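First to last, the protein sequences are chains A and B. Going by the working numbering, the first sequence opens with residue 5, and the numbers climb by one from there. Going by the working numbering, the second sequence opens with residue -16, and the numbers climb by one from there. All C-beta atoms in this analysis are idealised placements derived from N, C-alpha and C, irrespective of residue type, glycine included. Since we're looking at a predicted model, the values are computed, not measured.
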Amino acid sequence: MRPWRVGLALVAVALVVSGCGTAPVASSVASPAIAPESDEHILHVLNRLAYGPRPGDVERVRAMGIGAWIERQLHPDLIADEAIERRLAAYPTIAMTTDDLFREYPRPDPAAVARRREEMLRGDGAPDGMAREAAPGEPRRIMIAAELAAARMERAVWSERQLQEILVDFWFNHFNVYAQKDAVRWLISPYEREAIRPHVLGRFRDLVLATARHPAMLFYLDNWLSTRAGLVAQAGPNRGRRLGLNENYARELLELHTLGVDGGYTQGDVVEVARAFTGWSFAYPQGDRQFVFRPRAHDDGDKRVLGHVIAAGGGEADGIAVIDIVTRHPSTARTIATKLARRFVSDDPPPSLVDRVARTYQDTDGDIRAMMLTIVRAREFWSEAAYRAKIKKPIELVASAARALDASVGSEPGLRSAGFQLARAASTLGERLFNAQPPTGYPDTADAWVNTGALLGRMNFALSLAQNRVPGVRVDVERLVAGADRRKPEEVLDRLLAVTVHGQVSARTREILSAQLRDPAIVRLTADDRGPANTDVEKLAALVLGSPEFQRK
Amino acid sequence: MGMETCVRRSFLKGGALALCGLTAEAAGIPRFLVRTAHAGPAGRRKALVAVFQRGAVDGLSMVVPHGDPAYYAARASIAIGAPASGKSETAIDLDGFFAFHPALEPIKPLWDARRLAVVHACGSPVSTRSHFDAQDYMETGTPGVKTTPDGWLSRGLVARARTSPSPFRAVALGPQLPRALRGEVGAVAMPSVNDFDVRSDVSAMASGVNARRGFEALYEQGVRDVIHGTGRETFEAVKMLKAADPRKFEPANGARYPRTDFGEKLQQVAQLVKADVCLEVAFVDIAGWDTHAGQGNERGQLAYRLADLSHGLAAFARDLGDVMEDTLVLTMSEFGRTVRENGNRGTDHGHATAMLVLGGSVRGGRVYGRWPGLAPEQLFEERDLAVTTDFRQLFAEVAFEHLGVPREAKIFPGFAPPRGTPLGVLA
Chain A
5 MRPWRVGLAL
15 VAVALVVSGC
25 GTAPVASSVA
35 SPAIAPESDE
45 HILHVLNRLA
55 YGPRPGDVER
65 VRAMGIGAWI
75 ERQLHPDLIA
85 DEAIERRLAA
95 YPTIAMTTDD
105 LFREYPRPDP
115 AAVARRREEM
125 LRGDGAPDGM
135 AREAAPGEPR
145 RIMIAAELAA
155 ARMERAVWSE
165 RQLQEILVDF
175 WFNHFNVYAQ
185 KDAVRWLISP
195 YEREAIRPHV
205 LGRFRDLVLA
215 TARHPAMLFY
225 LDNWLSTRAG
235 LVAQAGPNRG
245 RRLGLNENYA
255 RELLELHTLG
265 VDGGYTQGDV
275 VEVARAFTGW
285 SFAYPQGDRQ
295 FVFRPRAHDD
305 GDKRVLGHVI
315 AAGGGEADGI
325 AVIDIVTRHP
335 STARTIATKL
345 ARRFVSDDPP
355 PSLVDRVART
365 YQDTDGDIRA
375 MMLTIVRARE
385 FWSEAAYRAK
395 IKKPIELVAS
405 AARALDASVG
415 SEPGLRSAGF
425 QLARAASTLG
435 ERLFNAQPPT
445 GYPDTADAWV
455 NTGALLGRMN
465 FALSLAQNRV
475 PGVRVDVERL
485 VAGADRRKPE
495 EVLDRLLAVT
505 VHGQVSARTR
515 EILSAQLRDP
525 AIVRLTADDR
535 GPANTDVEKL
545 AALVLGSPEF
555 QRK
Chain B
-16 MGMETCVRRS
-6 FLKGGALALC
4 GLTAEAAGIP
14 RFLVRTAHAG
24 PAGRRKALVA
34 VFQRGAVDGL
44 SMVVPHGDPA
54 YYAARASIAI
64 GAPASGKSET
74 AIDLDGFFAF
84 HPALEPIKPL
94 WDARRLAVVH
104 ACGSPVSTRS
114 HFDAQDYMET
124 GTPGVKTTPD
134 GWLSRGLVAR
144 ARTSPSPFRA
154 VALGPQLPRA
164 LRGEVGAVAM
174 PSVNDFDVRS
184 DVSAMASGVN
194 ARRGFEALYE
204 QGVRDVIHGT
214 GRETFEAVKM
224 LKAADPRKFE
234 PANGARYPRT
244 DFGEKLQQVA
254 QLVKADVCLE
264 VAFVDIAGWD
274 THAGQGNERG
284 QLAYRLADLS
294 HGLAAFARDL
304 GDVMEDTLVL
314 TMSEFGRTVR
324 ENGNRGTDHG
334 HATAMLVLGG
344 SVRGGRVYGR
354 WPGLAPEQLF
364 EERDLAVTTD
374 FRQLFAEVAF
384 EHLGVPREAK
394 IFPGFAPPRG
404 TPLGVLA
């Protein structure tokens, strides 16, 4: 792939010219177009910084210039996105306040829940699952997470702010919360909206702070309950009981959110961090369910975290001090650099690249946009070794397939199932959005996603999408191959490969697809058997989307 | 004793497709391609069902040391009432010292029948309190080593080589392959046995088959990578499962599985066992054990999880009936929980926990392992139940005694079981 290597240097140069993430965008967008840019370069960018190319995207990016396209994606606020914004009105809960969500989706009667559980254990009643947790007619609080998942999938397919959507997924998994843990059912949507989305290209410290203070995280990792040792509850169901420390959030903050498991902290640090965060709580179940600092619950003694002393009497600021200590720690720079490089370059990212991204983290005080720039400017990002080295996660496969076929939302009145159905498809493949129970979130590497059952699921999704069996999602493969002579199956196949994967399949795959054309079920004969009259483009498209190549990005 | 009940036939096609207990015609394979393979080592076909309690189960609530006075001192609100405490719901006594949580009542008859044993104070020599590291260590079987590429069950099955490996030797019920089964054995992950084929639209009868052939051709290319390799295994598995049709097996002997994720998975494991697909290892997850807050006591959050576990296991044993003689269920969890309850009527990450072993070859009705005690000076790092049985000792015994893995196979590199003191859980 010779042109591949030639183009790299040019792209890299253009991006260097365009300046750091905080530089004004106008100048960089206006920077001279880079040429020539090979298809591979553009496809690589569309596969890594977006959920795959739609028909025509390669040409659009070429016209704009790769550097300018990336710059725009790094500043999503400057990209108009009205069409998807309008669509999202179909999912009203994603815009509702926490208060409204709790008011409009009341808790089901606990006795009824207990009854249903008993039935389930005895093997009676409907199967387990969230669908029947509410009585018929009752507003189902599960809709909150379901609508959020639907919105996420629609954005992945139809938002123009593609890199933002990729990063929302990345950071949500990094700071994962689990939608089925009690109060998180209501808090999940405000969490993505308030704690994750605003910061995906901002400062890492702001992400840590926003998640640390968000009721969803406070609840999910139990910090809202953590108090100084020996505090006696004055009111509520625990009245008169001795409360105390809960290590859950402190441990995951160090292990998963910042330093990393081998980042050099001890069990002693976990306890000290937990002490610092005592009193970080939220008003729940009574109250406005917003962050609240409870001075009585706070452990006011001094703390020793990773060699730093936090003086006694800091109150709420102790938690902030911890966040400052851990986000400035070199292990955090490494952990974040490794995860970003793993997401955007390869499952085992080159150490040379991780080093540079970590340095950017340290030089810019954790500026995510700057780290992204380091990645897209890196030789390693553009290397042949990185090209198609990643396997698509389930949501990536689903979104990229819908984009490859230029899917649109069905026009049935009142229809809002497109997102639900796409989320359901990803769930069948193993990635049920907002339902990763452990705080690690969903994994980002091939070994977690490539297995027999999942692969079969991918082929089946390809078939149902291409054959228009995904309710609410319309594809028109006939239109995609318009212009090709339907009586010439080879021409139809070439056209199909050109629009969906830009002709990027191996010679062997092309040959196998071509052999399919001799299958009477694919190429229907005319009544008098004089020659092929039609080609089952849908099935060909399904084979392309279910092919080994299409599982890679 | 007995014969190998699983008739192995195989034919070679790229790799090897194994047909176990199926006629070649049923699988759509010409008879002349079929040859009878050796039945493998003498003895009956053994299967292992590994159940992973993800999130670290509180072993002290599951199998309660009611005879240890320090237990009640450490747990003001979450202790399980002693059998003789006079409460309406109490722990179910096992041997005067240990007792089952009341939610384990459905499996008590298996204990009484000496089909069920407990290994207590079992765990890892590495004291990490990270769920994720500890799960990895337990599944790779190499505590402290993060670079181990494969799982102990995969290594065990590879060492227990068969002449005609079935694609269903090792199956994980769920969309992802657990680390314990990753590796050379080529395990199958399936979210559901009911949905394991290529489905095309219904308008054309032959359509699904054609689509499958098309995909198969794409994945049959000689490319050696993870996607193509997995694809080839997938199609072998699809064909074999189609022929074996496990869906036709209804629960037997009046067994009623809980309609939970865990119950449905166990029911499917039973179907695979009955369908004679040469299943050797099945892997099932059951989540929800990370009880940092509001753990509950005789009732509550943990009790509900334990009820799910025990109703599922009881239904499985009942459903399999005589086949349980050759089946072993082993539960495991990455670590236990703190001995003292925390400030939120819950427990934090601890060290040792309890594991259950259920099956015909189990010398049941006993709690195995030395009890380290719960008095403050007996605790590991002054907070946790100490580990007195390395989990690898139990796993190795299961692999060697039950699965017939040769003892010289190094499935736990770097581990030498203590000399002269076998656990003896298995007959």
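Residue-level contact check: residue 455 of chain A touches chain B, since one or more beta carbons of chain B fall below 9 Å from its beta carbon. Residue 151 of chain B carries a coil assignment under DSSP once its states are collapsed to helix, strand and coil. Per DSSP, residue 516 of chain A is one residue of the alpha helix (DSSP H) stretching across 511 to 520.
In this structure, residue 548 of chain A sits away from residue 496 of chain A, with a CB-CB distance that is not shorter than 9 Å.
Residue 282 of chain A has its alpha-carbon roughly 36 Å from the corresponding atom of residue 70 of chain B. In this chain, residue 245 of chain B is not harboured by any beta strand (DSSP E); it is covered by the alpha helix (DSSP H) spanning 244 to 257. Flagged as an interface residue toward chain B: residue 226 of chain A, by a C-beta distance shorter than 9 Å.
Excluding residues up to 5 positions away in sequence, 478, 479 and 542 lie with their Cβ nearer than 8 Å to the Cβ of residue 472 of chain A in the same chain. Relative to residue 310 of chain B, the option among B/183, B/278, B/143 and B/256 whose CA is nearest is B/256. Ranked by Cα distance from residue 150 of chain A, the options A/125, A/210 and A/430 are led by A/430.
In the DSSP assignment, residue 106 of chain B falls within the beta strand (DSSP E) that extends over 99 to 106.
Residue 499 of chain A counts as buried, since at least 16 other C-beta atoms from the protein chains shown sit within 10 angstroms of its C-beta.
Identification of residues in the region 225 to 259 of chain B having a C-beta nearer than 8 Å to some C-beta of chain A yields 239, 240, 241, 242, 243, 244, 246 and 247, given in sequence order. For residue 543 of chain A, the enclosing alpha helix (DSSP H) begins and ends at 541 to 549.
For the set B/40, B/367, B/339 and B/305, the Cα lying nearest the Cα of residue 90 of chain B is the one of B/339. Close to residue 520 of chain A, with beta-carbon spacing below 7 Å, are these residues of chain B in chain order: 197.
The C-beta distance from residue 106 of chain B to residue 123 of chain B rounds to 15 Å, too long to fall under 8 Å, and the pair is not in contact.
Residue 452 of chain A is not a Cβ neighbour of residue 209 of chain B, given a cutoff of 9 Å. Residue range 398 to 408 is occupied by the alpha helix (DSSP H) that includes residue 399 of chain A. Residue 309 of chain A is not a Cβ neighbour of residue 348 of chain A, given a cutoff of 9 Å. Non-local beta-carbon contacts of residue 289 of chain B in its own chain, meaning distances under 7 Å to residues more than five positions away in sequence, involve 45, 84, 86 and 87 in chain order. Its chain contains 57 as the residues whose beta carbon lies nearer than 6 Å to that of residue 323 of chain B, once the 5 sequence neighbours on both sides are disregarded; these appear in chain order. Under the three-state reduction of DSSP output, residue 211 of chain B falls in the helix class. Annotated three-state conformation of residue 313 of chain B is strand, per DSSP. DSSP places residue 329 of chain A in the helix class (H, G or I) of the three-state scheme. From the listed residues B/181, B/199, B/331 and B/224, the smallest Cα separation to residue 211 of chain B is found for B/199.
Here residue 270 of chain B is not near residue 42 of chain B, since their CB atoms are 9 Å or more apart.
Judged by beta-carbon spacing, residue 287 of chain B lies within the 9 Å limit of residue 279 of chain B, meaning their Cβ atoms are closer than that value. Rounded to the nearest angstrom, the Cβ distance from residue 303 of chain A to residue 279 of chain A is 4 Å, consistent with a contact under 8 Å.
The C-beta distance from residue 462 of chain A to residue 401 of chain A rounds to 6 Å, short enough to fall under 8 Å. Residue 33 of chain B has a beta carbon lying at 9 Å or more from every beta carbon in chain A. Closer than 9 Å to the CB of residue 274 of chain A there is at least one CB belonging to chain B. Within the DSSP bridge table, the entry for residue 265 of chain B names B/32 and B/154 as partners. In the assembly as shown, residue 227 of chain A is a buried residue. Its beta-carbon has 16 or more other beta-carbons within 10 Å. Counting C-beta pairs with one atom in each stretch, the region 174 to 182 of chain A and the region 74 to 89 of chain A have fewer than three that are closer than 8 Å, which means they do not touch. Residue 394 of chain B places its beta carbon less than 9 Å from that of residue 138 of chain B.
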